[in-house]
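The block underneath contains the structure these notes are about, expressed in structure tokens.
6 protein chains.
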Amino acid sequence: MRIRVIVPITSFSEDYLEDRRKRLSKEALPMTELEFVSVKKGPITIESFYEEELAAIDLLENVKKAEEDGVDAVIIWCSGDPAVHAARELVKIPVVGPGEASFILAALLAHKFTVISPLERDIVRYENMAKILGIESKLASVRPLGITVLGLRSNREKAVERIILLSEKAIKEDGAHAIVLGCLGMFGMAKEVQEKIGIPVIDPGIAALKIAELLVQTGLSFSKLTYPYPPKKES
Amino acid sequence: MRIRVIVPITSFSEDYLEDRRKRLSKEALPMTELEFVSVKKGPITIESFYEEELAAIDLLENVKKAEEDGVDAVIIWCSGDPAVHAARELVKIPVVGPGEASFILAALLAHKFTVISPLERDIVRYENMAKILGIESKLASVRPLGITVLGLRSNREKAVERIILLSEKAIKEDGAHAIVLGCLGMFGMAKEVQEKIGIPVIDPGIAALKIAELLVQTGLSFSKLTYPYPPKKES
Amino acid sequence: MRIRVIVPITSFSEDYLEDRRKRLSKEALPMTELEFVSVKKGPITIESFYEEELAAIDLLENVKKAEEDGVDAVIIWCSGDPAVHAARELVKIPVVGPGEASFILAALLAHKFTVISPLERDIVRYENMAKILGIESKLASVRPLGITVLGLRSNREKAVERIILLSEKAIKEDGAHAIVLGCLGMFGMAKEVQEKIGIPVIDPGIAALKIAELLVQTGLSFSKLTYPYPPKKES
Amino acid sequence: MRIRVIVPITSFSEDYLEDRRKRLSKEALPMTELEFVSVKKGPITIESFYEEELAAIDLLENVKKAEEDGVDAVIIWCSGDPAVHAARELVKIPVVGPGEASFILAALLAHKFTVISPLERDIVRYENMAKILGIESKLASVRPLGITVLGLRSNREKAVERIILLSEKAIKEDGAHAIVLGCLGMFGMAKEVQEKIGIPVIDPGIAALKIAELLVQTGLSFSKLTYPYPPKKES
Amino acid sequence: MRIRVIVPITSFSEDYLEDRRKRLSKEALPMTELEFVSVKKGPITIESFYEEELAAIDLLENVKKAEEDGVDAVIIWCSGDPAVHAARELVKIPVVGPGEASFILAALLAHKFTVISPLERDIVRYENMAKILGIESKLASVRPLGITVLGLRSNREKAVERIILLSEKAIKEDGAHAIVLGCLGMFGMAKEVQEKIGIPVIDPGIAALKIAELLVQTGLSFSKLTYPYPPKKES
Amino acid sequence: MRIRVIVPITSFSEDYLEDRRKRLSKEALPMTELEFVSVKKGPITIESFYEEELAAIDLLENVKKAEEDGVDAVIIWCSGDPAVHAARELVKIPVVGPGEASFILAALLAHKFTVISPLERDIVRYENMAKILGIESKLASVRPLGITVLGLRSNREKAVERIILLSEKAIKEDGAHAIVLGCLGMFGMAKEVQEKIGIPVIDPGIAALKIAELLVQTGLSFSKLTYPYPPKKES
């Protein structure tokens, strides 16, 4: 199966894209063919509702093109799931958001979970995401690292250390029984954290990949009653 | 005070814009100066999440420009409140969404309320809006007219008739005690419907105007902790 | 328009009433004519459910009289909104409670808000008010000052200082993005606090006035399905 | 133990009071001494929030007097539980509301329950009561008989018949697994209905009595943190 | 009336059973005849979902036998209410779980309550119990003692001391207005704690007894629509 | 990877077990080795809470044995997820319940979903399951077929027909946007139904398999804070 990852930001060099592809491919099924593309127009990183909007148009074009190219599923490479509702309207293939994919797995695996986010402002986004998915009673807390997306890339070690620290606080003070890494800038850090803290730590990139593979295998996709095609206009 | 209404769709002619401005001005305070502008690039109408994204970029530019022009508050002329969260990040002045403005007034005035929407697909949007505002227990139902936005414009009489019919059903079958008109295509129809059905009927255009005026008068705006400015990127 | 403020307690001298009228008038629209009346029989202040009951009968008579006198809207000058549901049954004009008016504005302007109340016991009242309005997921916390209503009057400076202190705690510890002043004894303090803490601070007196003006202007009132007239008795 | 039932309406003759006392005594424990008193000033019946307020003052005096007289618990003989929060502030002995008592028993005994109320307007009251008790997810529906309180007294047979009819509808259409009779005017009808429909039917008078007896026996009463004494005023 | 207490664990000696019977009898009505029986096969104590399952089969046989023996109600002597839903399917007589009985009384008596549990792991069980009863908004917190069930028995004094300590914390930090003792190992400790902390403290054993007596007296039992008999199998 | 399916009922002949294994294997990954075992002691089918208890002991022994045998994940072949919480306490490997697995996928794919259950009594079980998972706002309804588990096996055609009929009703009357088949007796029917009704239809057997495979691949399992090992007893 072909799964295309669409990166909605412009700060991924070709090399970086290829690096991500290789790393994620290690988590993929043998029959999965992974492609990474990035938007040409869009924000450097997405850390605000505004930047989600900046990313949307090129992202949506990419989603449509993916289906035309015969791709089986699409992943939006951002935990805020930008434009994911709009994208699902445009196509029949699954469009997976890493945020939602992580949240439902965490809701399954644990009584309550905490999201580790880059910044304080992400609390609004993730609490709203939980409300829309209906699982707010499973969300123990959102704990911000105080590290920007670019900061996560440039200082991986410090980030992992701080994620471990906040996860331990979340367990102790918020009653968290699982951790969701709330940014693709934390991709690849889950296993290390999980080994340290001993509870499930969900990597948004892997969660999205695995849910995408699951959907393609089962022939399931997002409901066309929830995400119908945009209507034709009467003339 | 100056309030600028930004129309996020391209199907308003200059005349139509002016007509809307005049009609809404009748509802405005004497000290309110109303301006209507429309996006140059965007969808014909907004009836999907996708079209919200199409509207966003030009809309957001307009919001920024409004503040630069010294406008006191902005209204997004669409009940789906497209890009309203992003817009609030960009400016300090209030950016009012007619959907949210209508919902909180209805929640105040009645035990439960029903939203009359153009299409069945709007149920998802409005139930999610209620969840995010936290008032889902006050939302009796969303009742779709089965009439598109353009259809509302071209056949006003039929629309009013059908709104009355569905409102009566909502009272009887869903326990609605107030009605929210869930599309700016129904602007100006509330009073007629209210006279017929005898319970509060909230016009989204007027609700947005009055909330905007209220905010300007009181010096209140949307919280900058909920909608902080988009972050500067580290270099 | 004529708006009558009914003070449900007996500790307002004529001078104090006139002082409040003048101060609130500064916030009113030019076309608003404000009247302040106080109950003749009732409690000194309202700090318990019991004192709400003591206030009710004279208050309700005043509400009826207000409508008979041709007043356009009534405000009950107490954030606990005493007898407000009963009052709405008696008349067609809007009867605005400062508590509810503040809560819905805060729910609109911020992801979450905190109520600063006089006493610890007020937590019950305000959490129940949020439940009935349906917005409990927006209520970050209720933070009591530990100052009685009379104490608020006699030591304004200390009150403002403590409100600022608790608001900052609410932001930091409870995730509050806006503040509601939960007592009319704090009337006139919002702007000062807002300047200090930088997020929306809602004054219950001004919120009630502005919502009352909004309702009169739009011809909206509380639903007669939610608040029908008390039934005639069969004989 | 002495339990005093306070009737908050004025339409109970001395004979009727005595008749109610005798009937309720059949349900009481051998050690329970039942007293029925009625307010002297108050409404004929309570069918509105307004009439609750009319009943409150005399009712509250009676509650205080009951404690002074050495009574062990008080029951307010009205399913709307008028002034019950205020009353609990005034005394240490339990003040039981038949509405709340019925609701918690129904929440225990069944997945969901329906309240049969006299009038359509009661829906607001009972849905709000469920919200405050926190059990709205257990409330299947409120079904109004369309019979006033006086009508319940004057035509018992018709009332029972209609309660059975609505209960069967509630089972079939609303998923009710238990029934709460939502008015003391239906006192004594539960057993008859229960025999007919085969699911638990809760009589508010008996529920209140049994909860009152339970509390007295166990030395439990309402929390003084939830219902503290009204504060003394500073001078 | 005959009430049979079924102890679902095997660590009660005959003497200990008799001791419990005597102690609980002091709380019973004069007309109540109390019987204590213990399962023959089952866990030493119940501190996990697994041990609930170990207890279930013998427990359920005992419940059936109780009804055959003409017993009027059954109490499962464990606050986790093991197999209580299954048990109610098998019989018509009330099967009372001390956990549920305590929760609904606490929900009635206080704005919010805290459960004091033996171990940290009990948080999951009690938060889920509150969700199913629908009263999660009334549950302030679950506070674990860090003492096993056997530890509660062997060191009563230390347990009481620690319950008082945690209750005071729950009042101060979690907003608790009542306390539920969340283990039958704390049976008989409530009064002592209540005297110390001054808010209602609910003993699960007494709560279960009193609710059982209440149900027998009123002829109420659990709904057979919620707990229908297990179906006969088609052959 | 090795995944063992444990059938908690005794009515599967060896042939039937093998047939199920073959059918489910068609849905499995190439690297998945599927095993089907059935309890020796247990109910014929599970249609009540009581029968869940009958199934538990042998089921739990099988779960422990599976881990000892080096199996990577276990599936309980029953949509009611019997003893699944207890089972997770006993082992480290994932124990997947088809009910929970289906619910979270449906919550992801659709605004709201309906569960098609065999019998009316299943409504309680599935509404409680949704409450515990926290997704009750996503559950549009539970629609019972009125067909027993054995009936599903003996008359497949009628069952499919009726599932289609109820699914269409659920879409039209309850707002369902996806369907969950709420019994393993409907295993293998999803694709047929999905083709007919055009929205996602989730097969509980396939959902459980795919979630189990996903967990094994990612090294995730259920949180040991939510499901800790049963405690050793002090002696």
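Protein chains in written order, with my numbering: chain A, 1 to 235; chain B, 1 to 235; chain C, 1 to 235; chain D, 1 to 235; chain E, 1 to 235; chain F, 1 to 235. We treat Cβ as the ideally placed atom computed from N, Cα and C, and that holds for glycine.
**Request:** Rounded to whole angstroms, what's the CA-CA distance from LEU181(B) to SER13(C)? Just pull it up for me.
**Result:** In the second sequence, counting from the first residue as 1, residue 181(B) sits at position 181. In the third sequence, counting from the first residue as 1, residue 13(C) sits at position 13. About 45 Å.
**Distance between beta carbons of PRO98(F) and PRO231(F), contact taken as under 8 Å** = Along the sixth sequence, read from residue 1 onward, the residue named residue 231(F) stands at position 231. Along the sixth sequence, read from residue 1 onward, the residue named residue 98(F) stands at position 98. Their Cβ separation, rounded to whole angstroms, is 29 Å, which puts PRO231(F) and PRO98(F) out of contact at 8 Å.
**Item:** Own chain partners of TYR254(D) with C-beta closer than 7 Å, once the 5 adjacent residues on each side are dropped
**Value:** No information on residue 254(D) is available, as it lies outside the stretch 1 to 235 that chain D covers here.
**Asked** Can you tell me whether DSSP reads PRO144(F) as helix, strand or coil?
**Response** Taking the sixth sequence and counting its residues from 1, one reaches residue 144(F) at position 144. Residue state, collapsed to three classes: strand.
**Message:** Pull the bridge partners of ILE197(A) from the DSSP assignment, please.
**Reply:** Mapped onto the first sequence, residue 197(A) falls at position 197. Looking at the DSSP assignment, ILE197(A) forms no beta bridge with any residue, so it has no partner.
**Request:** Reducing DSSP to helix, strand and coil, say where VAL124(C) ends up.
**Result:** Residue numbering aside, residue 124(C) sits at position 124 when the third sequence is read from its first letter. For VAL124(C), the secondary structure class from DSSP, reduced to helix, strand or coil, is helix.
**Prompt:** At which residue ranges does the region 25 to 83 of chain F contain complete beta strand (DSSP E) runs of 3 or more residues, listed in the order of the chain?
**Reply:** 33 to 38, 73 to 76
**Request:** Measure the alpha-carbon distance for MET1(B) versus LEU29(B) and round it to whole angstroms.
**Result:** Counting from 1 along the second sequence, the entry for residue 1(B) is found at position 1. Counting from 1 along the second sequence, the entry for residue 29(B) is found at position 29. Cα to Cα, MET1(B) sits roughly 9 Å from LEU29(B).
**Prompt:** Quick one: what's got a C-beta closer than 6 Å to SER102(B)'s C-beta in the same chain, skipping five residues either side?
**Reply:** Locating residue 102(B) in the second sequence gives position 102, counting from the first residue. If we look at SER102(B) and ignore the five residues flanking it on each side, its Cβ neighbours are VAL180, ILE202, PRO204, ALA207.
**Where ALA176(A) sits in the DSSP three-state scheme** = Walking along the first sequence from the start, residue 176(A) turns up at place 176. Three-state DSSP puts ALA176(A) in coil, outside helix and strand.
**Request:** Classify ASN62(D) as buried or exposed, calling it buried when 16 or more other Cβ atoms lie within 10 Å of its own Cβ.
**Result:** On the fourth sequence, position 62 is the one that residue 62(D) refers to. Answer is buried; the Cβ neighbour count reaches 16.
**C-alpha gap between HIS111(C) and ILE135(C), whole angstroms** = Reading the third sequence from its first residue, position 111 is the one you call residue 111(C). Reading the third sequence from its first residue, position 135 is the one you call residue 135(C). Each residue's CA atom was taken as its position, placing HIS111(C) and ILE135(C) some 11 Å apart.
**Cβ-based contacts, 9 Å cut-off: residues of the region 116 to 136 of chain B near chain F** = Going along the region 116 to 136 of chain B in chain order, one finds ILE123, VAL124, GLU127, ASN128, LYS131, GLU136 with a Cβ nearer than 9 Å to chain F.
**Message:** For chain B, check one thing: does any of its Cβ atoms lie closer than 7 Å to the Cβ of LEU111(F)?
**Reply:** What you label residue 111(F) is simply residue 111 of the sixth sequence in a count that begins at 1. Contrary to the premise, residue 111(F) reads as His rather than Leu in this sequence. Closer than 7 Å: yes.
**Request:** Report yes or no: is there a C-beta of chain D within less than 7 Å of the C-beta of PHE49(C)?
**Result:** As a first step, residue 49(C) is located in the third sequence; it is residue number 49 there, counting from the start. It does; some Cβ of chain D falls within 7 Å.
**Request:** For chain D, find out if any of its Cβ atoms is closer than 7 Å to the Cβ of ALA56(C); answer yes or no.
**Result:** Position 56 of the third sequence, counted from the first residue, corresponds to residue 56(C). At least one chain D Cβ lies under 7 Å of ALA56(C).
**Prompt:** What is the DSSP secondary structure of SER167(D), counted as helix, strand or coil?
**Reply:** Your numbering for residue 167(D) matches position 167 in the fourth sequence. Residue state, collapsed to three classes: helix.
**Request:** Just mark ARG324(B) as buried or exposed, buried being the case when its beta carbon has 16 or more other beta carbons within 10 Å.
**Result:** Residue 324(B) falls outside the range modelled here, since chain B spans only 1 to 235, and no answer is possible.
**Item:** Positions along the region 154 to 182 of chain D whose CB lies within less than 9 Å of some CB in chain F
**Value:** Listed in sequence order: GLY175, HIS177.
**Message:** So, does the region 166 to 185 of chain D touch the region 115 to 127 of chain D, judging by three or more C-beta pairs under 8 Å?
**Reply:** yes
**Under the three-state DSSP convention, the category VAL91(F) falls into** = If you number the sixth sequence from 1, residue 91(F) lands on position 91. DSSP places VAL91(F) in coil when its eight states are reduced to three.
**Asked** What three-state label does DSSP hand LEU181(E) in the structure shown?
**Response** As a first step, residue 181(E) is located in the fifth sequence; it is residue number 181 there, counting from the start. Here LEU181(E) sits in strand by DSSP.
**Item:** Other residues of its chain near ILE44(F): CB distance less than 7 Å, five sequence neighbours each side excluded
**Value:** As a position in the sixth sequence, residue 44(F) is number 44, starting the count at 1. Sequence-distant partners of ILE44(F) (beyond 5 residues in either direction) whose C-beta falls short of 7 Å from its own C-beta, in its chain, are ILE9, THR10, SER11.
**Asked** Can you tell which of LEU105(C), ILE6(C), ASP81(C) has its C-alpha closest to the C-alpha of SER38(C)?
**Response** Position 38 of the third sequence, counted from the first residue, corresponds to residue 38(C). Residue ILE6(C) is the option with its Cα nearest to SER38(C).
**Prompt:** With DSSP run on the structure shown, which of helix, strand or coil describes PHE187(F)?
**Reply:** As a first step, residue 187(F) must be located in the sixth sequence, where it is residue number 187. When secondary structure is reduced to three states using DSSP, PHE187(F) falls in the coil class, being assigned neither helix nor strand.
**Item:** PHE12(F) (DSSP reduced to helix, strand or coil)
**Value:** Here residue 12(F) corresponds to residue number 12 of the sixth sequence, with the count starting at 1. Correct three-state label for PHE12(F): coil.
**Asked** Secondary structure at THR218(A), three-state DSSP: helix, strand or coil?
**Response** Indexing the first sequence from 1 puts residue 218(A) at position 218. Note: THR218(A) maps to helix in three-state DSSP.
**Prompt:** Between ARG20(C) and PHE36(C), what straight-line distance do the alpha-carbon atoms span, to the nearest angstrom?
**Reply:** Within the third sequence, numbered from 1, the residue matching residue 20(C) stands at position 20. Within the third sequence, numbered from 1, the residue matching residue 36(C) stands at position 36. Between ARG20(C) and PHE36(C), the C-alpha separation is close to 8 Å.
**Message:** So, with DSSP's three-state summary, where would you put ILE135(F)?
**Reply:** Position 135 of the sixth sequence, counted from the start, is the residue given in the question as residue 135(F). The answer is coil: DSSP assigns ILE135(F) none of H, G, I, E or B.
**Prompt:** So, is the C-beta of THR226(A) closer than 7 Å to a C-beta in chain B?
**Reply:** As a working note, residue 226(A) is residue 226 in the first sequence. For THR226(A), the answer is yes, since a Cβ of chain B falls inside 7 Å of its Cβ.
**Message:** Please report whether the beta-carbon of LYS92(A) lies at a distance below 7 Å from any beta-carbon of chain B.
**Reply:** On the first sequence, residue 92(A) is found 92 positions in, with the first residue counted as 1. Taking Cβ atoms only, chain B never reaches closer than 7 Å to LYS92(A), which makes this a no.
**Request:** Would you please verify whether the beta carbon of LYS22(A) is less than 7 Å from any beta carbon of chain F?
**Result:** Against the first sequence, residue 22(A) aligns to sequence position 22. Closer than 7 Å: no.
**Residues near ALA66(D) by beta carbon distance below 6 Å, same chain, minus five either side** = In the fourth sequence, the residue the question calls residue 66(D) occupies position 66. Once the five neighbours on either side are set aside, the close Cβ partners of ALA66(D) are ARG4, VAL74.
**Request:** Could you name the residues that DSSP lists as bridge partners for SER154(C)?
**Result:** For the purposes of this step, residue 154(C) is taken as residue 154 along the third sequence, with counting starting at 1. Note: SER154(C) sits in no beta bridge, so no partner.
**Request:** Go ahead and pull the three-state DSSP assignment for SER117(F).
**Result:** Here residue 117(F) refers to the residue found at position 117 when the sixth sequence is read from its first residue. Note: SER117(F) maps to strand in three-state DSSP.
**Request:** Identify every residue that forms a DSSP beta bridge with VAL5(B).
**Result:** For the purposes of this step, residue 5(B) is taken as the residue at position 5 of the second sequence. VAL5(B) is bridged to PHE36(B), ILE75(B).
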